[in-house]
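Asks: For reference, the structure I am asking about is given below.
And the structure:
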């Protein structure tokens, strides 16, 4: 007979990895990383909180132990919703450096979720024009569709917006 640790040790480790990479995600988001295993995920979150390895902030987001500030990065939380649209096809995913929030591989191709906050279009465009082309496909997360014409850099596959409920709307730039 297997112990609880043997049954759920890998899942707990992976869940802690996700919470560490993407601090501030909600229970709903964390459960979406494990489709069909939502009850197990909720139980693991509760167990990890009781162990003091993670905690849930007043905002509802989960943070790793030792993250005293528990400040949520709204761009990261919204980028995670975009990743979750692809999670069943993602071979690997990880947080990244500004302006890329999340990078993931799907079918051997690199995808980058870039967050272009309102008012930062020129900065994001400049940063990604200057950077070495990653060869990846870039999904650009915007706060408003009016930002789309202001963004021009290599590798753009499409644009998206995420509403307060986590629903993602995708756009293409009209030519």
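In the working numbering, the protein residues as written are 8 to 182. Beta carbons are placed, not taken as given, at the ideal position from N, Cα and C, and that holds for glycine.
(1) Residue 177 to residue 73, Cα distance in whole Å?
(2) Could you tell me the boundaries of the alpha helix (DSSP H) in which residue 82 lies?
(3) I'd like to check one pair, residue 92 with residue 175: are the Cβ atoms closer than 8 Å?
(4) Using DSSP's beta-bridge definition, name the partner residues of residue 206.
(5) Between the Cα of residue 166 and those of 41, 157, 146, spot the shortest distance and give me the residue it belongs to.
(6) Short of 7 Å in beta carbon distance, which residues of its chain neighbour residue 49, apart from the five on each side in sequence? Order them along the chain.
(7) What first and last residue would you give for the beta strand (DSSP E) that runs through residue 123?
(8) Taking the alpha-carbon of residue 144 as reference, which of 161, 104, 99 has the nearest alpha-carbon?
(9) Alpha carbon to alpha carbon, what distance is there between residue 54 and residue 138?
(10) Under three-state DSSP, which class holds residue 27?
(11) Among the candidates 61, 150, 154, whose CA atom is the shortest distance from the CA of residue 23?
(12) Taking the alpha-carbon of residue 32 as reference, which of 71, 152, 99, 142 has the nearest alpha-carbon?
(13) Let me check one thing: in DSSP terms, what residues is residue 63 bridge-paired to?
(14) Quick check on residue 53: does DSSP put it in helix, strand or coil?
(15) Using only alpha-carbon positions, find the residue among 52, 19, 17, 86 that is nearest to residue 150.
(16) In angstroms, rounded to a whole number, what distance separates the CA positions of residue 19 and residue 109?
(17) Excluding sequence positions up to five away, which residues of its chain have a Cβ less than 8 Å from the Cβ of residue 45?
Replies: In terms of the structure at hand:
(1) In the chain shown, the residue the question calls residue 177 occupies position 170. In the chain shown, the residue the question calls residue 73 occupies position 66. Roughly 36 Å separates the two Cα atoms.
(2) Counted from its first residue, the chain shown places residue 82 at position 75. Taken as a continuous stretch (DSSP letters only), the alpha helix (DSSP H) holding residue 82 covers 81 to 93.
(3) Position 168 of the chain shown holds residue 175. Position 85 of the chain shown holds residue 92. For residue 175 and residue 92, yes; Cβs fall inside 8 Å.
(4) Residue 206 cannot be examined here, being either before or after the span of the chain that is shown, 8 to 182.
(5) In the chain shown, residue 166 corresponds to position 159, counting from 1. Considering only alpha carbons, the answer is 146.
(6) Stepping through the chain shown from its first residue, residue 49 is reached at position 42. Excluding residues within five positions, the ones whose Cβ falls inside 7 Å are 34, 38.
(7) As a working note, residue 123 is residue 116 in the chain shown. Taken as a continuous stretch (DSSP letters only), the beta strand (DSSP E) holding residue 123 covers 116 to 123.
(8) On the chain shown, position 137 is the one that residue 144 refers to. Among 161, 104, 99, the Cα nearest to that of residue 144 is on 161.
(9) The residue labelled residue 138 in the question sits at position 131 within the chain shown. The residue labelled residue 54 in the question sits at position 47 within the chain shown. Cα-Cα distance, rounded: 42 Å.
(10) For this step, residue 27 is matched to residue 20 along the chain shown. DSSP places residue 27 in helix when its eight states are reduced to three.
(11) In the chain shown, residue 23 corresponds to position 16, counting from 1. Comparing Cα-Cα distances from residue 23 to each of 61, 150, 154, the minimum goes to 61.
(12) Here residue 32 refers to the residue found at position 25 when the chain shown is read from its first residue. Closest by alpha carbon: 71.
(13) By one-based count along the chain shown, residue 63 stands at place 56. Beta-bridge pairing links residue 63 to 69.
(14) Here residue 53 is taken as the residue at index 46 of the chain shown, counted from 1. Helix at residue 53.
(15) Your numbering for residue 150 matches position 143 in the chain shown. Ranking 52, 19, 17, 86 by Cα distance to residue 150 puts 86 first.
(16) The count along the chain shown starts at 1 and reaches residue 19 at position 12. The count along the chain shown starts at 1 and reaches residue 109 at position 102. When rounded, the distance between both Cα atoms is 21 Å.
(17) Taking the first residue of the chain shown as position 1, residue 45 is located at position 38. 38, listed in sequence order.
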